[in-house]
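K.L.:
Before we start, here is the structure in question, set down as structure tokens.
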Amino acid sequence: MRARLEEAFEAGAVAVGETGLDFHYDNAPRSRQREAFEAQAEIAVRRGLPLIVHSRAAERETADVLRGSGLPADRVILHCFSAGPELLEAALHEGWYVSFSGLITFRGYTTVEFPRRVPPERLLIETDAPYLAPVPMRGRRNEPAFLPATLARVAETRGLELAAAALLTRANTLRVYGLADAA
Numbered sequence: 000m001r002a003r004l005e006e007a008f009e010a011g012a013v014a015v016g017e018t019g020l021d022f023h024y025d026n027a028p029r030s031r032q033r034e035a036f037e038a039q040a041e042i043a044v045r046r047g048l049p050l051i052v053h054s055r056a057a058e059r060e061t062a063d064v065l066r067g068s069g070l071p072a073d074r075v076i077l078h079c080f081s082a083g084p085e086l087l088e089a090a091l092h093e094g095w096y097v098s099f100s101g102l103i104t105f106r107g108y109t110t111v112e113f114p115r116r117v118p119p120e121r122l123l124i125e126t127d128a129p130y131l132a133p134v135p136m137r138g139r140r141n142e143p144a145f146l147p148a149t150l151a152r153v154a155e156t157r158g159l160e161l162a163a164a165a166l167l168t169r170a171n172t173l174r175v176y177g178l179a180d181a182a
């Protein structure tokens, strides 16, 4: 696994991941998941790259790995955030980036206030394509063209104009991936 990852970085990868722990399905032994997660975090540290993290039903364990990884706060991205308050509190305390997908547009999404709690400089949005198409495209294959619906929900939640939310999340995205000079 490590050799394949190293090859990807030679080709110009700008981040490590998506990685994390999935205790929801538990298809792999938890110890092996943690070992792989820690190995990828180690590569991110060594390469100075962001680590894109998507964990399910493993909030405490995810925070523990990230805290022990040596990654600077501005190198951690909690991707497609759908965890509960425990991991959000860890993210807020540690200064990690938190990224929201179309999931926040779903009726009954219980943590809709979470984007409001994330510091503006740590807020990201994403598609998670081909999954989690935002309302009103829910049920379709997700694609980048649907991102404005997610952005609109984040802007509404934070009380921002759409253009201001777009500028904010774009600047954060460019910064975290080291693409600011490409803007």
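Under numbering that gives the first Met the number 0, the first residue of the sequence shown is numbered 0, with each subsequent residue one higher. Ideal Cβ positions, reconstructed from N, Cα and C, are used throughout, including at glycine.
Looking at the structure shown, is G16 part of a helix, part of a strand, or coil, going by DSSP?
P.N.:
In the structure shown, G16 sits in a strand (DSSP, three-state: E or B).
K.L.:
Give the range of the alpha helix (DSSP H) segment to which S30 is assigned.
P.N.:
Element bounds for S30: 29-46.
K.L.:
What separation, rounded to the nearest whole angstrom, lies between the Cα atoms of R7 and N26?
P.N.:
Here residue 7 turns out to be Ala, not Arg, going by the sequence shown. Answer to the nearest angstrom: the Cα atoms are 26 Å apart.
K.L.:
Quick check: the Cα distance between F247 and A144, rounded to an integer number of angstroms?
P.N.:
The first residue shown for the chain is 0 and the last is 182, placing residue 247 beyond what the model contains.
K.L.:
For the alpha helix (DSSP H) containing V97, name the first residue and the last one.
P.N.:
Careful: V97 lies outside any alpha helix (DSSP H), inside the beta strand (DSSP E) at 96-99.
K.L.:
Evaluate G94 with the Cβ neighbour count: other Cβ atoms within 10 Å of its Cβ, from every protein chain shown; 16 or more gives buried, anything less gives exposed.
P.N.:
The residue in question, G94, is exposed, as its Cβ has fewer than 16 Cβ neighbours within 10 Å.
K.L.:
From R152, F99, A10, P119, pick the residue whose C-alpha is nearest to that of A128; which is it?
P.N.:
Among R152, F99, A10, P119, the Cα nearest to that of A128 belongs to F99.
K.L.:
Applying the 10 Å Cβ sphere with the 16-neighbour rule, what's the burial state of V13?
P.N.:
Burial call: exposed.
K.L.:
List the DSSP bridge partners of R55.
P.N.:
In the DSSP output, where bridge partners are listed per residue, R55 has D21.
K.L.:
For a test of the three-state rule: what should DSSP assign to L146, helix, strand or coil?
P.N.:
Correct three-state label for L146: helix.
K.L.:
Using the three-state DSSP reduction, which class does V75 fall into: helix, strand or coil?
P.N.:
In this structure, V75 counts as strand in the three-state DSSP scheme.
K.L.:
Check whether the Cβ atoms of Y96 and V175 sit closer than 7 Å, and answer yes or no.
P.N.:
Yes, they are a contact pair.
K.L.:
Identify every run of the alpha helix (DSSP H) within the segment 101-164, keeping only runs that are complete inside it and at least 4 residues long; order them along the chain.
P.N.:
Fully enclosed alpha helix (DSSP H) runs of 4 or longer: 113-116, 146-157.
K.L.:
In angstroms, rounded to a whole number, what distance separates the CA positions of F105 and L123?
P.N.:
Approximately 18 Å between the Cα atoms of the pair.
K.L.:
Given 8 Å as the limit, is there contact between the segment 166-173 and the segment 130-145, that is, 3 or more CB pairs closer than that?
P.N.:
The segment 166-173 is not in contact with the segment 130-145.
K.L.:
Of the residues D21, I103, I42, V15, which one's Cα is nearest the Cα of P147?
P.N.:
Nearest of D21, I103, I42, V15 to P147, Cα basis: I103.
K.L.:
Between which two residues does the alpha helix (DSSP H) harbouring Y87 extend?
P.N.:
The sequence shown places Leu at residue 87, not Tyr. Here the alpha helix (DSSP H) through L87 covers 84-93.
K.L.:
Within 10 angstroms of its Cβ, does H23 collect 16 or more other Cβ (buried), or is it exposed?
P.N.:
It is exposed - the Cβ of H23 has fewer than 16 other Cβ atoms within 10 Å.
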